[in-house]
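Residue numbers (the numbering used here), protein chains in the order written: chain A, 30 to 326; chain B, 16 to 157.
Quick look at the structure:
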């Protein structure tokens with residue numbers, strides 16, 4: 030049985046751990062609220078832009094002759110996977126689930142004979158993928174959304190992707206991020222951004238009234254608009270992903286730290302019980318010694 | 016009215032970071048890339064670029080709000096007008112001091128930019144100039 034002194038030390042150490050985890054939980058909770066508001070505020074723009082592009086694609090009829098950002102390069106050989114993770118850990122399965130999904134995608138593409146490149150957003154993706162896929166990582170972005178995700182962050186990432194694309198670095202780009210549902214639930218979402226994938230929903234009933242008729246006029250003309258609209262759309266998609274990922278990170282950290290705080294509490298209870306029992310046992314055995322000593326005299 | 020379906024335009028102004036305005040209005044005037052255009056109910060379908068300038072919202076025959084946008088896109092059809100702006104702020108809330116600082120910085124950047132940064136610097140300069148213009152005419156909403 031552990032001595033009293035050791036038990037005391039352990040209880041103290043668990044207590045200070047609990048202080049840290051509960052502080053982290055509170056910080057995450059306050060950041061979560063802000064991040065969640067930002068993510069929700071950004072949704073209308075992404076939705077309307079998607080509707081506009083879906084309408085234009087429909088209006089064009091075919092994607093032939095359209096800019097490569099929309100139509101793709103016509104090949105499917107090189108895939109760029111963008112993994113959105115955080116810089117810091119202690120947020121439960123947040124980073125691990127992204128990395129797992131990316132690993133799976135790599136394995137599938139590999140076995141289909143495709144070339145894979147990986148762009149990491151956040152240190153954690155790089156750290157975890159470096160060991161077995163180090164040769165595939167083309168770049169890593171750090172310190173994204175340290176205080177809050179800004180448009181500049183999204184521009185930076187987008188600029189790098191477009192630069193790679195223009196240089197013929199890849200044919201298909203898929204972004205993998207955690208979609209925020211609640212503090213308890215984040216859904217890993219792989220989303221293809223190049224070539225633009227028009228989601229089924231966009232063509233569904235809801236958007237039926239939003240479909241742009243063939244008679245739509247374009248000012249100055251549709252080519253010019255597409256040329257500006259597509260990079261902007263990519264930027265918005267990336268921003269959307271970053272914001273969702275940021276909200277998810279804080280949500281995941283909050284629930285992970287909540288669990289950790291509760292576990293620490295349980296551990297403190299168990300250790301305190303053991304501490305008290307040990308003390309009692311010690312007192313009892315001392316008493317017995319004294320009594321038997323007195324009897325012997 | 017040109018169209019009997021509605022006598023109001025469903026006007027939305029969104030930026031990547033938030034929804035600035037979403038209301039039913041009589042008319043909006045948008046600073047299009049090829050010139051300002053007004054959107055009334057029953058407008059012919061149109062997609063246009065937007066240059067830095069002021070979006071005017073008309074309600075009951077007068078301008079009810081003026082919003083500065085830093086460029087983007089606008090989509091109009093018979094029922095609605097959606098402006099996707101890069102950034103937006105109410106003209107009344109433009110800070111003249113901040114604007115003139117921004118203009119100075121933009122001028123400096125445009126003067127010293129290399130080939131890569133030239134386009135960005137010129138865009139920034141155009142935005143700053145439009146802001147100055149908007150700030151100058153800011154207060155006089157009737």
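For each residue, glycine too, the CB sits at the ideal point set by N, CA and C.
Only a predicted model underlies this, so the values are computations on that prediction, with no experimental measurement involved.
Of all alpha-carbon atoms in A:225, A:140, A:136 and A:151, the one lying nearest the alpha-carbon of residue 255 of chain A is that of A:225. The beta-carbon of residue 77 of chain A is placed less than 8 Å from the nearest beta-carbon of chain B. DSSP, read as helix, strand or coil, puts residue 163 of chain A in helix. Taking 7 Å as the cut-off between beta carbons, the residues of the region 84-115 of chain B near chain A are 88, 90, 97 and 99, in sequence order. Residue contact with chain B for residue 74 of chain A: present (Cβ-Cβ distance below 8 Å to some residue of chain B). Counting C-beta pairs closer than 8 Å gives three or more between the region 75-95 of chain B and the region 22-39 of chain B, which meets the contact rule. Assignment of residue 275 of chain A by DSSP, reduced to helix, strand and coil, places it in the helix class. DSSP places residue 143 of chain B in the uninterrupted alpha helix (DSSP H) bounded by 130-151. Taking 8 Å as the CB threshold, residue 290 of chain A stays off the interface with chain B. The Cβ-Cβ distance between residue 36 of chain A and residue 303 of chain A falls below 8 Å. Interface annotation for the region 30-48 of chain B against chain A: 30, 31, 32, 33, 34, 47 and 48, criterion Cβ-Cβ distance under 7 Å. Residue contact check for residue 254 of chain A against chain B: a CB pair falls below 8 Å. With a beta-carbon spacing of about 6 Å, residue 139 of chain A and residue 145 of chain A fall inside the 8 Å limit used to define contacts. According to DSSP, residue 207 of chain A shares a beta bridge with A:217.
Only those residues of the region 48-70 of chain B whose C-beta falls short of 9 Å from the nearest C-beta of chain A are listed: 48, 49, 50, 52, 59, 60, 61, 62, 63 and 64. Under the Cβ criterion of 8 Å, residue 95 of chain A is not counted among the residues facing chain B. In this structure, residue 74 of chain A lies away from residue 215 of chain A, with their beta-carbon atoms at least 8 Å apart. One Cα belongs to residue 41 of chain A, the other to residue 152 of chain A, and the distance between them is close to 33 Å. For residue 160 of chain A, the closest alpha carbon among the candidates A:181, A:128 and A:178 is that of A:128. Taking the Cα of residue 55 of chain B as reference, the smallest distance to any Cα among B:131, B:73 and B:63 is reached at B:73.
Contiguous beta strand (DSSP E) elements confined to the region 104-162 of chain A occur at 107-113 and 144-150, taking only those with 3 or more residues. The three-state secondary structure of residue 53 of chain B, taken from DSSP, is strand. Taking all protein chains shown into account, residue 306 of chain A has fewer than 16 neighbouring C-beta atoms within 10 Å of its C-beta and is therefore exposed. Just measuring C-alpha positions, the residue of A:320, A:270 and A:51 sitting nearest residue 173 of chain A is A:270. Taking the C-beta atoms as reference points, residue 201 of chain A is found nearer than 8 Å to residue 108 of chain A. Counting the other Cβ atoms within 10 Å of the Cβ of residue 313 of chain A gives fewer than 16, which makes it exposed.
Listed along chain B are 32, 33 and 34, each with a C-beta nearer than 7 Å to that of residue 70 of chain A. In this structure, residue 264 of chain A lies away from residue 68 of chain A, with their beta-carbon atoms at least 8 Å apart. Looking from the CA of residue 186 of chain A, the closest CA among A:217, A:110 and A:309 belongs to A:110.
For residue 187 of chain A, the enclosing alpha helix (DSSP H) begins and ends at 180-195.
Nearest CB-CB separation between residue 99 of chain A and chain B: not below the 8 Å threshold. Remark: C-beta atoms of residue 53 of chain B and residue 42 of chain B approach each other more closely than 8 Å.
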